[in-house]
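Worksheet: the structure to be examined is printed underneath.
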Amino acid sequence: MNDKSSPRKFSRRKFVQGVSTTIIGSYVLTPGVSKISEKLEAETKEIASGKKPLNLIVNKVRYELMISPETTLAEVLRNELKLTGTKLICNHGECGGCTVLLNGEAIYSCQMLALDAGEKEVTTIEGLLTGEELHPIQKAFVEHDGLQCGYCTPGQIIAAQAILLKNSQPSKEEILTGMSGNLCRCAAYPNILKSVLAAAGYLTEGTNR
Amino acid sequence: MAVKIIKSKNFVETDFVESLAEVPVEEYKPWPENDKLKIVGKPVSRIDAYEKVSGTASYTTDKFLPNMVYGKILRSPHPNAILKNLNTEKAEKLEGVLKILSFKNCPEISWYYDTSLLFDKNLRYQGDEVACVAAISERIALEALKLIEVEYETLPFVTTASEAMMSESPKVHGWGNILDGKPDTYVRGDVEKGFNEADQIIEEEFNTQVVVHNPTEVHCSLANWDDDKLTIWDSTQAIFSVRDTVAASLKIPSSKVRVIKKFMGGGFGSKLEAGKHTIMAALISRDIGKPVFISVDRKEMNLAVGNRPDSNQKLKIGVKKDGTITALSHISYGSVGAYPDSAGCSWPLKTIYLCPNVKTEEYSVLTNSGRSRAMRAPGHVQGTFALEAIIDDAAEKIGMDPLEFRLKNYAETDQVFNVPYTSKKLKDAYLKGAEIIRWKRRNKTPGSQNSEVKNGIGMATQIWWGGGGPPAYAALKLNRDSSINVFAGSQDLGTGTYTFIAQVAAEVLEIPVEKIKVDIGDTDFPYCPLSGGSMTAPSVAPAIRDAAEQMKGKLISAAAAILNLPEEELMYSQGLVSSIKEKDKKISITEIVSKTRNRELITNGAREKNPDGYATNSFGVQFADVSVDTLTGKVKVNKIAAAYDIGRTLNPKTLYNQIHGGIIQGLGYALFEERLLDRKTGKVLTTNLHSYKIPTIKDAPEIEIAIVSQFDPLNSSIGVKGVGEPAIIPTAAAIGNAVYNAIGKRIRSLPITPDKIIKALYS
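This is the structure:
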């Protein structure tokens, strides 16, 4: 959390970029008598395997990672950070299951290379909570039963958040358009719409059927 | 409470299954109407909603174990081929590859009712399994698949049922393409005589397409061994079936296999059986000593894990001028793909309408394509589309209103088994649905509007089983703080199983739902049936009630001992046992449990038997209001009115949601969903969610639901009937009839796409 306010003088990323060739060279030439620390040795191996450093800010926490360049943002979130709320349903940008916020905009995280998300603010479903307390949109999805199996739900809720971040009073048509990239095979759509309408403040208690 | 063992006969999807079941000797009085209950029937929010909206619900795809590795499957690219040779040398050398399983090193494990093997050298459809690679990452496993060298001998193939039935066509298996060599037939009365008595005879032919389940969570399993004990996390609707199939395949006792499923991303019937990938994960895991996770991708989802079979249906109906149906006949052909399954779809025609003379022939035909599996109301969806169309056409022919015609031929009893129904409120549903949609608005002459966009109204009836039955068990643990744990080996597919279980226990013990913790989806818990056939709630809810009622009995018994009073003098209410005579003599659950040495009380409940000599069915009707653009051919569904007799409503919130889902899936089936298979190459063209269209939020019509039933008084002490499948059954038929009412042309094949409308209107 403090990373932004107190930038480190010595960034591992810069260091690695700057001296990687030399290190690899010395490692290869004199493996037995290397004075490189174990940590650097490990990093060197990763560089040799083609991995790249990635500085990722997810749910306001900064992560420093080494990843293969072909890794998608969705893969990093799920496999590296274990933020499994983000779901891979089609992995082709067709269903919206992997929707996350990138600097406040909804994107399909399966369609973005993780390296392209470097230094940007990523918000996943887990990031909407405050401690154990649900976000009002999440509460609306509970109250209005905007889900069945729940697998597409994180993507639906993030898509709704993206709509409401832009416009706190969207029309029904704007909500439908904004949510139309998120497939729900259980087809809980009427209740998803109701949940988003409620989150936007259009519905009051007692309309929960 | 005393129990006994009986022979129980239940309807599971398309078959009657007989098994021994333990049932309570004494049965409880049915609950009264919902307005006299406190928790059941109320719109309680899902108790598992927090996990689902917070992203913390752990699905099988989200399970990570230390050292776990990933498996990917190589599949045949050909519709029919023999695997001549397989060279895995290069793939094995790829860094990170741990194991490659194929016919070369895998034991022979029988599959598809002994018609094939886990790894068979005969590959009978595009997608049949060739090999499985396990590697330290999914990407490496996928890379390795490309390095496997395979030599195929390609063979001629058949892709459609009509082609496959010709004698000169290639045989998918050696023994011919018609399953069992003949159709499933049913005869009641004398159809020839019936048709002779008719004033009008109508014959029509209908076709429906193949559609794919496409649940959001892909099929996947994670297998892990500890010594000789195997644990499998599986995205499944049937934990016990998976356990037993895995045990049989690996030739190990079922007791050594534990299957867990806490959350799943949909199934719709495709996850009712163990997948080949599950067995592969278990085999490889045992071999390499690491947990193995195998998942399929979206393309494989559209090729290899089931579909709703297509149908070609020939119907014939005889009617008298007064509206009496004198005879019905039905011949259907459906392609089950490359391995045995059922494509029959005659049931609705046999039972919905009063008719003494019925004959049906159902052909299930093998083709070189992905095998079908039960899909939400298998058979009924396609059968109802055709039946309800010809019913409308017959009514028109004799100049009768379609609703009046249906009421005229209303069947009060089950005509196949010749027994009464435990309850049937279809008539009320007809009238309620007609009122909601304002039936009188319909065009008296179909297609008579002169506008570019024409409106129409249509209706369709549905019947389904949905009575459930034994065996189903549950264990209840009452804790000192008066909270309760329920353990039951059932599954929640997104249907609300977690929640209704908590509601039923809370209702009996008169404590808040929040005090009930529900644990399901684990074969270590008492047995419950698979979650399919709309049988979960009617099977499981009574077992929960039994366990909770017994707990009440235990509390009274314990209170009697503590208070030194006879049991008959005590009553239970809202967490307190008190004396009927002296009101100050009372004791709370917490005090009772604290005084027991073990600090907890445990009961086991069982589902009571179904009543002898009755049939239990769910009934319903949907009315569709559509607009058809006669210039573009586009159909817009404005509104669906759905009226149902599903016995007791356990939770209107989850019930309505499930009905919405069925209707919208039915709308997709009616208007655009279709698996396209290229007849020249035998390959599937719709292998992703871009080309395979499923409904989006913008396709959802206005939906108004009415439940006309209070509770089924005879089926169980809860009186709930299943609704999961009934929700989808009549939608396509109602939309089809509404389109006819709008344009006056009958579209006899699904999906009803714009090109078919335009062709019908202008050619």
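Those sequence lines, one after another, are chains A and B. Counting in our numbering, the first sequence runs from 1 upward without gaps. Counting in our numbering, the second sequence runs from 210 upward without gaps. Built from N, CA and C at the ideal position, the CB exists for glycine as well.
Considering just the uninterrupted stretch of the beta strand (DSSP E) at Lys-568 of chain B, what are its terminal residues? 567 to 575
Anything in the segment 489 to 515 of chain B with a Cβ closer than 8 Å to a Cβ of chain A? List those residues in chain order, please. Within the segment 489 to 515 of chain B, the qualifying residues are Asp-506 and Arg-507.
Nearest residue (CA-CA) to Ile-666 of chain B, options B:Leu-774, B:Thr-940 and B:His-486: The residue with the shortest Cα to Cα distance from Ile-666 of chain B is B:Thr-940.
Every unbroken alpha helix (DSSP H) inside the segment 506 to 557 of chain B [4 residues or more]: 507 to 512
Coarse secondary structure for Ile-849 of chain B, derived from DSSP in three states: strand
Can you tell me whether Asp-389 of chain B is buried or exposed? The criterion is at least 16 other CB atoms within 10 Å of its CB, across all chains shown. exposed
Closer than 9 Å, Cβ to any Cβ of chain B: which residues of the segment 72 to 91 of chain A, in chain order? Glu-75, Arg-78, Asn-79, Lys-82, Leu-83, Thr-84, Gly-85, Thr-86, Lys-87, Leu-88, Ile-89, Cys-90 and Asn-91
Closer than 8 Å: is that where the CB of Gly-814 of chain B sits relative to any heavy atom of the ligand NAD? No copy of the ligand NAD appears in this structure; indeed no ligand is present at all.
Who are the Cβ neighbours of Val-28 of chain A in its own chain at under 7 Å, not counting the five residues just before and after it? In this predicted model, Val-28 of chain A has a pLDDT of only 37, less than 50, meaning its place in the structure is not dependable enough to derive any value.
Terminal residues of the beta strand (DSSP E) in which Ile-137 of chain A lies: No beta strand (DSSP E) contains Ile-137 of chain A, which is instead part of the alpha helix (DSSP H) from 136 to 143.
Under a CB-based cut-off of 9 Å, is Lys-521 of chain B close to chain A? Correcting the residue type first, residue 521 of chain B is Asn in the shown sequence and not Lys. Closer than 9 Å: no.
DSSP state of Cys-110 of chain A, grouped into three classes? helix
Which residues of chain A have a Cβ atom closer than 9 Å to the Cβ of Ile-725 of chain B, listed in chain order? Near Ile-725 of chain B there are no residues of chain A at all, since even the closest Cβ is about 17 Å away, more than 9 Å.
Closest by C-alpha distance to Leu-459 of chain B, when choosing among B:Val-835, B:Val-396, B:Trp-434 and B:Phe-709: B:Trp-434
Can you name, in chain order, every residue of its own chain whose Cβ lies under 7 Å from the Cβ of Cys-149 of chain A, other than the five neighbours on each side? Cys-186
With three or more beta-carbon pairs closer than 8 Å as the criterion, would you say the segment 693 to 710 of chain B touches the segment 823 to 843 of chain B? no
Please tell me whether Tyr-548 of chain B and Arg-580 of chain B are closer than 9 Å, where the distance is taken between their beta carbons. Note that the C-beta distance between Tyr-548 of chain B and Arg-580 of chain B is below 9 Å.
Chain-ordered chain B contacts of Glu-94 of chain A [CB-CB under 7 Å]: Near Glu-94 of chain A (Cβ distances below 7 Å), the residues of chain B are Asn-897, Leu-898 and His-899.
Spatial neighbours of Gly-953 of chain B within its chain, please: C-beta separation below 6 Å, excluding the five flanking residues on both sides. Pro-655 and Gly-656
List the residues of chain B that Thr-153 of chain A touches, going by C-beta distances under 7 Å, in chain order. Ordered by position in chain B, the residues that pass the 7 Å Cβ test against Thr-153 of chain A are Lys-261 and Val-262.
Is the Cβ-Cβ distance between Cys-95 of chain A and Asn-182 of chain A less than 9 Å? yes
Below-9 Å beta-carbon distance, His-539 of chain B vs any chain A residue: No, no contact with chain A.
Members of the segment 865 to 889 of chain B near chain A, C-beta cut-off 9 Å: Tyr-865, Asn-866, Gln-867, His-869, Gly-870, Gly-871, Ile-872, Ile-873, Gln-874, Leu-876 and Gly-877
Alpha carbons only, please: which of B:Leu-327, B:Glu-882 and B:Ser-285 is nearest the one belonging to Ser-900 of chain B? B:Glu-882
Could you tell me if Ser-1004 of chain B is buried or exposed, where buried requires 16 or more neighbouring beta carbons within 10 angstroms of its beta carbon? Here chain B covers residues 210 to 972 and nothing more, so residue 1004 of chain B does not appear.
Say whether the segment 416 to 431 of chain B touches the segment 875 to 894 of chain B, bearing in mind that this needs 3 or more beta-carbon pairs closer than 8 Å, one atom from each stretch. In this structure the segment 416 to 431 of chain B touches the segment 875 to 894 of chain B; the number of beta carbon pairs closer than 8 Å is three or more.
For Thr-745 of chain B, which of helix, strand or coil comes out of DSSP? helix
For Pro-960 of chain B, would you say it is in contact with chain A, using Cβ-to-Cβ distances shorter than 9 Å as the test? no
So which of B:Trp-442, B:Ala-490 and B:Met-489 has the shortest CA-CA distance to Arg-467 of chain B? B:Trp-442
Evaluate contact between the segment 926 to 933 of chain B and the segment 852 to 870 of chain B, counting only Cβ atoms and requiring at least three cross-stretch pairs below 8 Å. yes
Quick one: using the 10 Å Cβ neighbour count with 16 as the cut-off for buried, is Arg-806 of chain B buried or exposed? When all chains shown are included, Arg-806 of chain B counts as exposed.
Suppose you measure from the CA of Gly-741 of chain B to the CA of Trp-673 of chain B; what does that come to, to the nearest Å? 12 Å
Counterpart residues of Gly-588 of chain B in DSSP-defined beta bridges: None, per the DSSP bridge assignment.
Please report the residue range of the beta strand (DSSP E) in which Ala-432 of chain B lies. 429 to 435
Taking the alpha carbon of Phe-472 of chain B as the reference point, which residue from B:Gly-264, B:Ala-909, B:Tyr-268 and B:Glu-719 has its own alpha carbon closest? B:Tyr-268
Is the CB of Gly-215 of chain A under 9 Å away from at least one CB in chain B? The structure shown does not extend to residue 215 of chain A, since chain A spans only 1 to 209, so no value can be given for it.
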